[in-house]
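A quick write-up on the structure given underneath.
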Amino acid sequence: MLMFDLKSWFAHPSGPFLISGPCSVESEKQMMEIALALSKITQVKVLRGGIWKPRTRPSDFEGKGEEGLRWLLQAKRETGLLTATEVAIPAHVELALKYEVDALWIGARTVVNPFSIQALADALKGTDIPVFIKNPVSPDLKLWIGAFERLQKAGVIRLAGIHRGFQHYKETPYRNFPMWEIPIGLVQKLNVPIVTDISHMCGNRDLLQTTAQYALDLASDGLMIECHCHPEAALTDSQQQITPDSLKELIDKLEFRSKTSGMSERDLAGMRSEIDDIDKELLQLLARRMDLSTQIGQYKKSHNVTVVQMDRWNKILADHLAMAEILGLEKDMVQSLFEAIHKASVDRQARLDT
Ligand code: PEP
Ligand code: MN
15 MLMFDLKSWF AHPSGPFLIS GPCSVESEKQ MMEIALALSK ITQVKVLRGG IWKPRTRPSD
75 FEGKGEEGLR WLLQAKRETG LLTATEVAIP AHVELALKYE VDALWIGART VVNPFSIQAL
135 ADALKGTDIP VFIKNPVSPD LKLWIGAFER LQKAGVIRLA GIHRGFQHYK ETPYRNFPMW
195 EIPIGLVQKL NVPIVTDISH MCGNRDLLQT TAQYALDLAS DGLMIECHCH PEAALTDSQQ
255 QITPDSLKEL IDKLEFRSKT SGMSERDLAG MRSEIDDIDK ELLQLLARRM DLSTQIGQYK
315 KSHNVTVVQM DRWNKILADH LAMAEILGLE KDMVQSLFEA IHKASVDRQA RLDT
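Each residue of the sequence shown is one higher than the last, beginning at 15 in the numbering used here.
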C-alpha cells in the first residue's frame with residue numbers, strides 16, 4: 015500500500031487538491047478510459063469510484079461490488095493515481111483494503127447512524143488508511159463531529175471532512191443545500207481538512223463552476239468532482255457528472271487564492287485584531303441597548319402599556335433596512351440581526367411583567 019501523509023495531499027502548488035472519477039465503477043473499459051483521462055489532469059490526485067452504491071430503491075443499480083475493486087486496482091496500477099471508494103459496513107472495509115484502495119470515504123447516509131459509524135471504526139482499528147467523512151444528510155454538526163470522534167477513538171487519525179450539502183425542507187437550486195456555516199463550524203472545532211463535493215451538492219452541471227469557486231474562496235482544501243467519459247450513459251447520477259474535458263475547463267477557470275493571499279501575516283493579524291475590537295464595541299453597544307430596553311420596560315409596566323407596539327417595530331425595521339442598503343449591508347443579515355435583538359428586548363420586558 016502507498017504511504018503518505020494526509021497533510022501532503024493538501025499541499026497544492028498546482029491548484030486545489032482534487033478527487034475525481036465516476037459516481038459508480040461500472041465496467042473495466044469505463045474505468046480504464048476515465049483513469050487515463052484523469053491522470054493527464056495534474057490537479058487530480060485521487061481517482062474515486064463507488065463500488066457499493068446506497069440507492070433509494072433496491073431495483074436501482076447498486077454497484078459492481080468486488081469485481082469493481084479489481085478494475086479500480088488496475089486503473090491505479092496503470093496510471094499511478096491514488097484510489098478512493100465509499101465504505102458503509104465492515105465487509106466493505108475488508109475488501110477495499112484487500113484491493114489496495116488508498117483512501118476511504120463514509121457516505122452521508124451512513125454518517126447519520128452512530129451504530130454504523132461505530133462498526134466502521136471497529137473495522138478500521140489498527141489501519142492507517144486516510145478516511146474522508148462526509149457530512150450527514152441532515153444539518154447536524156454534532157452528528158458529524160461524533161463520527162470523527164468515534165474514528166479518532168479507534169486510533170484512525172488521518173481524517174478529513176467532505177462537505178456535500180444537506181437535505182433542505184424547501185426547494186432550492188441545489189440537490190443538497192450547502193449551509194456553509196456547518197463545515198466552517200467543523201473546521202473551527204476539529205481543525206481537519208475539508209473537501210467540497212460540489213457534484214452531490216449541486217446535483218446538476220450548471221452550478222458546478224460557481225460553487226467550486228465559492229468553496230475555494232471559503233478556504234476549502236480541495237474538491238470532489240464526479241467525472242465520466244460519457245455522463246449521459248452513466249448508471250448513476252448522470253445529470254451531475256462531467257467529462258474530463260469539462261473538468262479541465264472548470265479547473266482552468268478557477269481562481270485559486272492562497273489562504274493568506276500575498277498579505278503579510280502581520281497585516282492579517284492587525285486586521286483580525288481590529289475586527290476583535292469592533293466585536294467588543296458591538297457587544298458594549300448591545301449591552302447599553304438592553305439596559306435602555308429594561309428602563310423602557312419598567313416605564314411601560316408602571317404606566318400599564320403593552321410590551322410590543324407593532325407599528326413602531328415595523329417602522330424601525332423598515333428604517334434600518336433602508337439604512338443597511340445605503341451602507342451596502344446584506345439585507346437578510348440586518349433583518350435577522352434586528353429580529354434577534356428585538357426578540358431579546360421583548361423577552362426581557364415581558365419578564366418584568368411577571
Ligand atoms: C457518492 O459520493 O457517491 C455518494 C453516494 O455521495 P453522498 O454520500 O454524499 O450522497
Ligand atoms: Mn454520485
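Using N, Cα and C, we set each Cβ at its ideal position, and we do this for glycine too.
These numbers come from a predicted model, not from an experiment.
Check                                                                                                       : Outcome
F369, buried or exposed, once every other Cβ within 10 Å from all chains shown has been counted against 16  : Residue 369 lies beyond the residue range present for the chain, which begins at 15 and ends at 368; the question has no answer from this structure.
Residues whose Cβ lies closer than 5 angstroms to any heavy atom of the ligand MN, in chain order           : C37, D251
Contact under 9 angstroms by Cβ, H242 with I48                                                              : yes
Contact between the stretch 110-127 and the stretch 143-153 (3+ Cβ pairs under 8 angstroms)                 : yes
Those residues which DSSP pairs with S34 across a bridge                                                    : L61, I239
F191 - containing alpha helix (DSSP H), residue span                                                        : Per DSSP, F191 belongs to no alpha helix (DSSP H) and is neither H nor E.
Whole-angstrom C-beta distance between P192 and I208, which should lie under 8 angstroms                    : About 12 angstroms; that fails the 8 angstroms criterion.
Residue ranges of each beta strand (DSSP E) within the stretch 60-133, 3 or longer                          : 96-100, 117-120
Limits of the alpha helix (DSSP H) - the one that G160 falls within                                         : 155-167
Whole-angstrom C-beta distance between E240 and Q227, which should lie under 8 angstroms                    : Incorrect: roughly 18 angstroms between the Cβ atoms, too far for contact.
Top-ranked residue by Cα proximity to V39, from L87, Q57, I55                                               : L87
Sufficient close CB pairs (3 or more, under 8 angstroms) joining the stretch 215-225 to the stretch 151-167 : no
Same chain, Cβ closer than 8 angstroms to K345, five either side skipped, listed in chain order             : L335, A338, E339
Own chain, CB closer than 6 angstroms to A248, minus 5 neighbours either side, in chain order               : H242, Q255
Cβ contact check for the stretch 353-366 and the stretch 286-305: 3 or more pairs under 8 angstroms         : yes
Limits of the beta strand (DSSP E) - the one that I147 falls within                                         : 145-148
heavy atom of the ligand PEP below 8 angstroms from I239 C-beta                                             : no
Under the three-state DSSP convention, the category H177 falls into                                         : strand
Neighbour-count burial assignment, G140, 16 or more Cβ in a 10 Å radius                                     : exposed
heavy atom of the ligand PEP below 8 angstroms from P68 C-beta                                              : yes
Same chain only: Cβ atoms within 7 angstroms of W194, ignoring 5 sequence neighbours per side               : L232
Check: K148 C-beta below 8 angstroms from any heavy atom of the ligand PEP                                  : yes
Buried versus exposed, by CB contacts within 10 Å (16 or more), T210                                        : buried
Heavy atom of the ligand PEP within 8 angstroms of E100 beta-carbon                                         : yes
Beta carbon of P30 nearer than 9 angstroms to that of G236                                                  : yes
Residues bridged to T210 (per DSSP)                                                                         : H177, L237
Beta-carbon separation (whole angstroms), G175 vs H214, contact threshold 8 angstroms                       : Contact flag wrong, Cβ pair sits at about 14 angstroms.
Cβ-based burial, G169 [other Cβ within 10 Å; buried from 16]                                                : exposed
Nearest-angstrom Cα separation, counted from L111 out to R91                                                : 15 angstroms
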